[in-house]
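Working notes for the structure below.
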Amino acid sequence: MIERAEPLAVQIDPDQSVTDLLVEVAAASPDLPLLARPAGDGWENLGAAEVVRRVRALAAGLAASGVAPGDRVALLSRTRLEWTLADYAIWWAGAVTVPVYETSSAEQAAWIISDSGCTAAIVEQPRHRALLESVAGETPALDPARVWVIDDGGFEAVEALGRDASLAVDDAELERRRAAVTGADLATIIYTSGTTGRPKGCRLTHANFVVLSRNAVAAIPEVFAVGASTLLFLPLAHVFARFVQVLCLAGRTTLAHTADTTQLTRDLASFQPTYVLAVPRVFEKVYASAEQKAIEGGKGKVFTRAAAVAEAYSRAADAGADGGRGPGLALRAQHAVFDRLVYAKLRAALGGRAQYAVSGGGPLGERLGHFFKGVGITVLQGYGLTETTAPTTVNRPERVKVASVGRPLPGCSVRIDSDGEVLVKGPHVFAGYWGDAKADAEAFDADGWFRTGDLGALDDEGFLSITGRKKEIIVTAGGKNVAPAVLEDRLRAHPIISQALVVGDARPFVACLLTLDPDVLPGWLRARGMPVLDVAAAAHDAGVRAVLQEAVDQANAAVSHAEAIKKFAVLKTDFTEANGLLTPSLKLRRRQVMAAHAEAVEELYSSRS
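Okay, here's the thing in structure tokens:
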């Protein structure tokens, strides 16, 4: 076995809770802007003392309503300021937050709320209350009188309860509740996104968040320092965004929210964050959109050359860091030219001030990583799971290996088991699954290492690379093991490919299902003088299929002949969260995709095709 362990950079009081971080900041720097919200054409900052005031008012109301320490409170909303205030208030009252994606179906919401035993809920819109009412028979612990709607005066109603003298929740009682919470106490139950089977509730403690966030700040002060800021648009029901919410407390940086991703470019331009956070699909979309705009403006060849120079510049810089030659004079000159023509515009699209971006939730792909680094935005890829409170490893600004997900954060240990599985240990590892002792037993080995289910490798410097999922490894009829992620990542890099799913388990060869990007496709076709078709028609168009074959051939260049894609099918519909084929964090639900498109898969292997 190969193992890498990093000692803690910061020792933490085991009794410290997340709200202790908030109290510390407010006491030391009451005017420090902790949160920001849209206001007209700009943003309004909320200082630390104001955040505490609002959180205490909400917490008093929750306590007055009958929410007791240890009770579970559901939180169902888009990413917005109120989400964070409610989360902190639930913790201040001594309760436990159970996030629910605002896009969840009634069945999904019912399972999470009933399984966790939520007694109260804060939701965003009246339609969300109606959704909970529709499953009232399946959620007996949830009190209908304690379902508050943010957009329907919910916060005001909760705060009014806290001011009601007859309910007798005074300042001393509220502080007693808050102070009684220790690091070992449960902070939240986050349900896995359910790529396979029914979601399981991950029990994360206050110490999980506090220890990891404080040590992440110590490890990467260039990014998470006082004065830094980020605009959060990822769903706060996901552990990655949730960790960042606490990380901003630990680093005393400003956190802004935006729920409308259709206006993301506008919000980034006005807020101008110093770093951004996203899942790989967002970076893929940024690249594809920039390329398409260049093509439509008659500058497609310029963009293609600029992208090649950015990638070459980044790779040369990496070689220089390893003792090699580094970028030569000619490459530096080309890079300077394209910086003015292309790269500056891409940086402006992210607000103009961001030097770093943090990517998690899946592999970004080496090509895109080098592209963004060459553009002047270093993407710090990290790796983690819900069960590890998000990041276990991350690249650092002073040493980035684009093809890796970085080195362990302080306090984290990574081991590669004999079968290649990545095992993890440390104070950031969750306390186990909610009410599922069998799953706990399967999740940990005899020495207490958490089994991630991912396959990976550690290099001599301790950088981790993820090569696939154990359960997703395809074994062809000929016995060849194939990791689909290698091929899928490369295929999704093509501008008109939205999603790719590699198939071939127990089949004679490897094949693939592809979907087309409906937003990019029309402009892409128009720029090439091809007939403008909708997705359904383009799926059968000979010219489109020829281009897709080129993309498949390029992806195949990364694998052996036995692992290469021999045939592909182009589907008429995309994989989306709405049709249940993507998780809210945009991961493929492989089992569901295979079931929904079983006929297309069979056609790939029929003698007629």
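Residue 277 in the UniProt record's numbering is what sits at position 277 of the sequence shown, and the numbering runs on without skipping anything. Quick reminder that beta carbons are idealized off the backbone N, C-alpha and C, glycines included. Here the structure is a predicted model, which is why all the values come from computation and not from measurement.
query: Who pairs with Ile416 in a beta bridge, going by DSSP?
result: Per DSSP, the beta-bridge partners of Ile416 are Ile2 and Val422.
Option in Pro7, Thr192 and Pro33 with minimal Cα separation from Ala390: Out of Pro7, Thr192 and Pro33, Thr192 has the C-alpha closest to the C-alpha of Ala390.
- prompt: Which of helix, strand or coil does DSSP assign to Phe224?
  reply: Phe224 carries a coil assignment under DSSP once its states are collapsed to helix, strand and coil.
field: the stretch 320-338 / the stretch 268-279 touching (three or more Cβ pairs under 8 Å)
entry: Under the 8 Å Cβ criterion, the stretch 320-338 does not count as touching the stretch 268-279, having fewer than three qualifying pairs.
message: So for Gly201, helix, strand or coil by DSSP?
response: It is a strand residue.
query: So, is Ala538 buried or exposed, given that buried needs 16 or more other C-beta atoms within 10 angstroms?
result: Under this definition Ala538 is a buried residue.
task: Kindly indicate the opening and closing residues of the alpha helix (DSSP H) around Leu212.
output: First-last of the alpha helix (DSSP H) with Leu212: His206 to Ala219.
message: Could you compute how far the alpha carbon of Thr196 sits from the alpha carbon of Leu588?
response: A caution first: Thr196 carries a pLDDT of 49, below 50, which makes its placement in the model too unreliable to give a value.
field: Where Ser229 falls: helix, strand or coil (DSSP)
entry: In this structure, Ser229 counts as strand in the three-state DSSP scheme.
- prompt: Looking only at C-alpha atoms, which of Asn556, Gly42 and Val544 sits nearest to His257?
  reply: When C-alpha distances from His257 are compared across Asn556, Gly42 and Val544, the shortest belongs to Gly42.
field: Cβ pair Arg72, Ser17 closer than 8 Å
entry: Not in contact: Arg72 and Ser17 (Cβ atoms no closer than 8 Å).
Helix, strand or coil at residue 626 according to DSSP, with G and I counted as helix: What is shown of the chain runs 1 to 609, which leaves residue 626 out entirely.
message: Can you tell me which residues form a DSSP beta bridge with Asn45?
response: Beta-bridge pairing links Asn45 to Ala36.
task: Mind checking which residues open and close the alpha helix (DSSP H) that includes Pro126?
output: Per DSSP, Pro126 belongs to the alpha helix (DSSP H) from Pro126 to Ser134.
task: Mind listing, in chain order, the continuous alpha helix (DSSP H) runs of no fewer than 4 residues lying wholly within the stretch 313-360?
output: List check, alpha helix (DSSP H) in window: 329-338 and 344-349.
- prompt: In angstroms, rounded to a whole number, what distance separates the CA positions of Phe371 and Val286?
  reply: Computed Cα separation, rounded: 11 Å.
- request: Compute the beta-carbon to beta-carbon distance between Ala93 and Ala59, rounded to the nearest angstrom, for a pair I have assumed lies under 8 Å.
  value: 4 Å between Cβ atoms; contact.
- request: Report, in whole angstroms, the separation of the C-beta atoms of Thr79 and Ala241, which I expect to be a contact under 8 Å.
  value: Sure, about 7 Å apart at Cβ, within 8 Å.
message: What does the Cβ neighbour count give for Lys471, buried or exposed, with the cut at 16 atoms within 10 Å?
response: Lys471 should be labelled exposed.
- request: Rounded to whole angstroms, what's the CA-CA distance from Phe430 to Ala441? Just pull it up for me.
  value: If I take the Cα positions, the gap works out to 13 Å.
field: Test item: CB-CB of Thr261 and Pro584 under 8 Å
entry: Their beta carbons are not under 8 Å apart, which means Thr261 does not touch Pro584 by this criterion.
- request: Compute the beta-carbon to beta-carbon distance between Pro363 and Asp489, rounded to the nearest angstrom, for a pair I have assumed lies under 8 Å.
  value: By a beta-carbon distance limit of 8 Å, Pro363 contacts Asp489. Their separation comes to about 6 Å.
task: Kindly indicate the opening and closing residues of the alpha helix (DSSP H) around Trp111.
output: DSSP places Trp111 inside the alpha helix (DSSP H), whose first and last residues are Ala106 to Ser116.
query: Within 10 angstroms of its Cβ, does Thr304 collect 16 or more other Cβ (buried), or is it exposed?
result: Residue environment: Thr304 is assigned as exposed (fewer than 16 neighbouring CB atoms within 10 Å of its CB, all protein chains considered).
- request: Give me the Cα-Cα distance between Gly162 and Tyr356, rounded to the nearest whole angstrom.
  value: The C-alpha of Gly162 lies about 42 Å from the C-alpha of Tyr356.
query: DSSP on Leu247, reduced to helix/strand/coil?
result: If DSSP states are grouped into helix, strand and coil, Leu247 belongs with the helices.
Sequence-distant residues of its chain with Cβ nearer than 7 Å to Val544 (five each side left out): Taking Val544 as the centre and dropping the five residues before and after it, the same chain places the C-beta of Ala538 closer than 7 Å to its C-beta, in chain order.
message: Assuming Cys202 and Glu421 are in contact, meaning their beta carbons sit under 8 Å apart, how far apart are those beta carbons, in whole angstroms?
response: Their Cβ separation, rounded to whole angstroms, is 19 Å, which puts Cys202 and Glu421 out of contact at 8 Å.
- request: Indicate the three-state DSSP secondary structure (helix, strand or coil) for Gly300 in the structure shown.
  value: When secondary structure is reduced to three states using DSSP, Gly300 falls in the helix class.
- request: Answer yes or no: do Ile496 and Leu521 have a C-beta to C-beta separation smaller than 8 Å?
  value: Contact: yes.
Neighbour-count burial assignment, Gly374, 16 or more Cβ in a 10 Å radius: Around the Cβ of Gly374, a 10 Å sphere holds 16 or more other Cβ atoms; the residue is buried.
field: Residue nearest to Leu247 in terms of C-alpha spacing, selected from Ala237, Gln263 and Ser229
entry: Relative to Leu247, the option among Ala237, Gln263 and Ser229 whose CA is nearest is Ser229.
- request: Assign Gly369 to one of three DSSP states: helix, strand, or coil.
  value: In the structure shown, Gly369 sits in a helix (DSSP, three-state: H, G or I).
- prompt: To the nearest angstrom, how far is it from the Cα of Ala165 to the Cα of Leu234?
  reply: When rounded, the distance between both Cα atoms is 39 Å.
- prompt: Among Gly426, Phe444 and Val424, which one has its Cα closest to the Cα of Tyr433?
  reply: That would be Phe444, whose Cα lies nearest to the Cα of Tyr433.
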